[in-house]
Every structure is written in C-alpha cells, then in structure tokens.
Amino acid sequence: MVRKLVAAAVFLALPFAGTASAQDAAPSDGSLTLEGVAAVVNDQPISFTDVRDRARMLLLSLGGQQPTQEQVQQITGQALEQLIDEHLQLDKAAEFDLEISKDEIDGAVEGMAAQSGLTGSDLKSQLLAAGIDPSSLEEQMRAEIAWNRVMSGLYGSRIRISDNQVDDQIEQLRAAAKKTQYRISEIFLFAPDPETRVQAEEAARSILEQLKAGADFRVAAQRLSSAPTAATGGDMGWVSTSDLSPELVPAIEEADGPGVLGPIVVDNGVYILFIQNKREPAEATTKVDLIRLITQDSTDENLKAAMERIQSCDDVQSVANTTQGLRAQPLEDINIEELGPEGKSMVESAEIGKPTDIFAVSGGLGTMYVCRREEGAEALPSRDDLKSSLKGRELNMISERELRNLRRDATIIYR
C-alpha cells in the first residue's frame, strides 16, 4: 500500500476552474510554464492541472455527489502525493524494462468502474463530462499494475509464512474473541506534522461529505487511505479496543451504534472510522454472501424491472451493468448481525438466490440478493486464508518501505 502524504498548505491556493474540457485537462509541455508547475519529480513536472484533475477524479470515483470547488481544494494534497508516488513507481518499473499492455490497463479500469456499478466506458464518459482527460486514470492504473508487478517479482517468492506464524495468528484471534469486539473499517490520512495535519483534517471533512452523500466507504478507503487495510477497502475485521490506538478508543466506545466517525486527529494523521457492528464475547455467528442492487431513482419501477430479469445471484452484476441508474455491490462473508435488526430480518426471511424486500437507501432504493447463508459459521478464517493474509500484509509493508526509500533518494521539488 502506497503511503499518501498530505501536501503543504500552498495547495489551498491552487487555481480551480468550474468545468474544463478534456483537451484543457492535458496541457502540452509548452503550456506548463503558463499553467503552473506544482512539483518536479526527478526532472519530471507535475502541473497544477494534473493535480486538480486527479483531485476531482478521486472525489468523482467515490460515487457520492458532484464535488464542490471547496472539496476539490481540500483533497489536492492527497492528489499531489499520489502523482508523485506514481512517477517514482513508473521510474522504478522502467529500470526493469517493464511494459504494461493496453489490455491490462483497460481491465484495471473496468475493475475500478465495476466497484461503482459502471463499465469502463461509462467511467471514462463521466470523466470527460467533468472535463477530466481519461488518460489520467489510465496512467494511474499503469503505475499501480507496474508497481505491484515489480514488488511481487522482487519479493513475492521470498516471503515465507511458517506454520508457527499461522498458529500465533489463530491464538490471537481466539483471545480477541473473548473480548468485546467491533467490526471497523478505516480511512487513514498520513500527516506527520502540525501543518499537514490541518490539511489532512480538511481532506477528511471533504471525504465525510462524500460518504454522507452515498459514497462507498470501501471505495474511498481504496482510493485515499494510507493504511495497509486500503487494499481490502479499509476493513480491519473484528477488533477489540486493545488492538487499537488509544487515541481512537474514546470515540469508538462513545459511539451510539453503527456509523461513520471522524475526523479523529492523532499524532501522525487523521482517521475516519466506520463502525459496522459490535459483538460480545462468544457470540454465535451466521455468515452470508450478499449482493446489493441499488438505484438512485425515487421510484421502484426501474429496480423492479431489473429484478424480474434476474434469475440468480450470477445475473445481478450483468443486469446492473446493462441498466442505466443501477449499481451492484457484492458483500461477502458478512456476519448477519452487522446488517442491523431490519437488515437481519430481511436477509433471514429471503431464500438463497432471491432478493429481499425493497428498502430505502441514501438517495434511492435497493434490495439485497442472498447468495450464501452459513448458520453458526466459525468466526476464525481458514489456515490458508490466514497464510495468504499474512503474506499480503508483509508484501504491503515491504512495498511501503520501498516507496519511502524511493522518496528519500529522489529529487522532489515543491513549487
């Protein structure tokens, strides 16, 4: 996971246009002097337009509301640091003559779009309509694919997870199950000094506004969080307060129930937390796999018409992709208690492969398809899953360390 550092206060003064054309969003090198250079990374310029477009793209990709100028300004620090990281990652990949094909990039764009219930073409059309050159998204995907391939190639085969490590992890999980636990997801904005913490808090408020407008927390964590959990949409799993930073505990214990908390300012950054549920020790679990089908329409005609075309869970995503205004969101291995009393009741009464009753969501309507139900499911993951998780965690730590080293050795000039 790439560490994303909130940039200096100078970026609050970034110039913003309400809507620009895609052609304007990709200035030629000759226009950089007139348009303004935000930073130079190993002699490669990053323009204010690059930063502005990335900030707008980040907020648009969350699937909430159209970002305001103020929200875009608040997120520019995150956007700039992402662009710097990507320049460094692509420079590193070039050392190995690594080439990323168009098909790979297109596949990554399709994957990102699917998280918001869109196709790749739909996503690019949205960017163009917002005055953002889709090549910015493609370059982001190129850097991500290249960096993952470099890290996996250099270190993937060297990481060995022993049986003792798995045993230790199982014991930790069993010990935690004897305490009160919370199912929590996180977004962490790294900010190591007072000046950048002010910027991080402003960025967090912008993200919170998008979340309240219906943005998907998992997508926001994947796009913006500096924590290793960003790779899994911010999911920390079931944790006890002893597993958490003491600075986070009061807010969690004082929370009225499920919901989003923040901004929570700590020594090295700012947190946004999503408390999904709470369970007492030794509570029996029932796990389910669900797919949420959501429409932003205020009436249910479009949703009902789509439901008539769906015969099983396998059909939900394809129907959503081919129906304007619908999006599908998979929710796998969910403890039924996390759904709250009403959600639990609906899921318990629905047959496998069939939808629940239609219910209201933020800005529209939805239903849930129940794809798997496992009564009394064991809370502990399998040994293979634990081994895979531990390996991924270690590779993420190595990747973060390597990127820090690249930053240390690079020539980065902020303008």
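Take any residue in the sequence shown, count from 1 to its spot, add 214: that is its number in this note's numbering.
Cβ coordinates follow ideal geometry from the N, Cα and C atoms, glycine included.
On a predicted model such as this, the values are computed, not experimentally measured, just so you know.
CA-CA distance, residue i and residue j?
i           : j           : result
residue 624 : residue 386 : 40 Å
residue 414 : residue 443 : 18 Å
residue 434 : residue 369 : 28 Å
residue 397 : residue 452 : 4 Å
residue 347 : residue 536 : 24 Å
residue 235 : residue 545 : Because residue 235 sits at a pLDDT of 35, beneath the cut-off of 50, its placement in the model cannot be relied upon, and the point is left open.
residue 245 : residue 340 : Model confidence at residue 245 stands at a pLDDT of 41, short of 50, so the residue's coordinates are unreliable and nothing is read from them.
residue 259 : residue 251 : 6 Å
residue 456 : residue 440 : 22 Å
residue 169 : residue 603 : Nothing about residue 169 can be reported from this structure: the residues present for the chain run from 215 to 629 only.
residue 372 : residue 380 : 17 Å
residue 411 : residue 526 : 48 Å
residue 468 : residue 343 : 43 Å
residue 425 : residue 382 : 36 Å
residue 409 : residue 617 : 23 Å
residue 349 : residue 269 : 14 Å
residue 405 : residue 483 : 4 Å
residue 531 : residue 375 : 35 Å
residue 613 : residue 399 : 22 Å
residue 568 : residue 584 : 6 Å
residue 547 : residue 449 : 12 Å
residue 561 : residue 600 : 28 Å
residue 521 : residue 317 : 32 Å
residue 554 : residue 491 : 8 Å
residue 556 : residue 321 : 37 Å
Indicate the three-state DSSP secondary structure (helix, strand or coil) for residue i in the structure shown.
i           : result
residue 621 : helix
residue 235 : Since pLDDT at residue 235 reaches only 35, below the 50 mark, its modelled position is unreliable, and the value read off the structure follows with that caveat. Coil, per DSSP.
residue 309 : coil
residue 401 : strand
residue 260 : strand
residue 274 : helix
residue 247 : Confidence at residue 247 is low in this model, with a pLDDT of 43, below 50, so its placement is unreliable and the value that follows should be read with caution. If DSSP states are grouped into helix, strand and coil, residue 247 belongs with the helices.
residue 540 : strand
residue 395 : strand
residue 441 : coil
residue 629 : coil
residue 344 : coil
residue 265 : helix
Identify the continuous beta strand (DSSP E) that holds residue i and give its terminal residues.
i           : result
residue 519 : Taken as a continuous stretch (DSSP letters only), residue 519 belongs to no beta strand (DSSP E), being part of the alpha helix (DSSP H) at 515–523.
Could you pull the start and end residues of the alpha helix (DSSP H) that residue i belongs to?
i           : result
residue 430 : Run containing residue 430: none; DSSP gives neither H nor E here.
residue 204 : Residue coverage of the chain in this structure runs from 215 to 629, which leaves residue 204 outside it and unanswerable.
residue 325 : 316–328
residue 367 : 349–369
residue 387 : 377–390
residue 531 : 530–535
Any beta strand (DSSP E) of 3 or more consecutive residues that is wholly inside the segment 544–627
Segments of the beta strand (DSSP E) lying fully in the segment 544–627: 573–575, 578–588.
Contained beta strand (DSSP E) runs [length at least 3] in the segment 448–511, N- to C-terminal order
DSSP runs (the beta strand (DSSP E)) wholly in the segment 448–511: 449–453, 473–480, 483–493, 501–509.
Stretch pair the segment 611–626 + the segment 312–328: three plus CB contacts closer than 8 Å
These segments do not touch.
Should the segment 566–579 be called in touch with the segment 507–526, which here means at least 3 C-beta pairs below 8 Å?
With a cut-off of 8 Å, the segment 507–526 and the segment 566–579 count as touching, because enough Cβ pairs lie within range.
Could you tell me whether the segment 319–337 touches the segment 540–556, using the rule of 3 or more Cβ pairs below 8 Å?
Between the segment 319–337 and the segment 540–556 there are three or more C-beta pairs closer than 8 Å, enough to call the two in contact.
Does the contact criterion of 3 or more C-beta pairs under 8 Å hold for the segment 296–304 versus the segment 349–359?
Contact holds: three or more Cβ-Cβ distances are below 8 Å.
Given 8 Å as the limit, is there contact between the segment 415–423 and the segment 280–298, that is, 3 or more CB pairs closer than that?
Three or more Cβ pairs closer than 8 Å define a contact, and the segment 415–423 meets that threshold against the segment 280–298.
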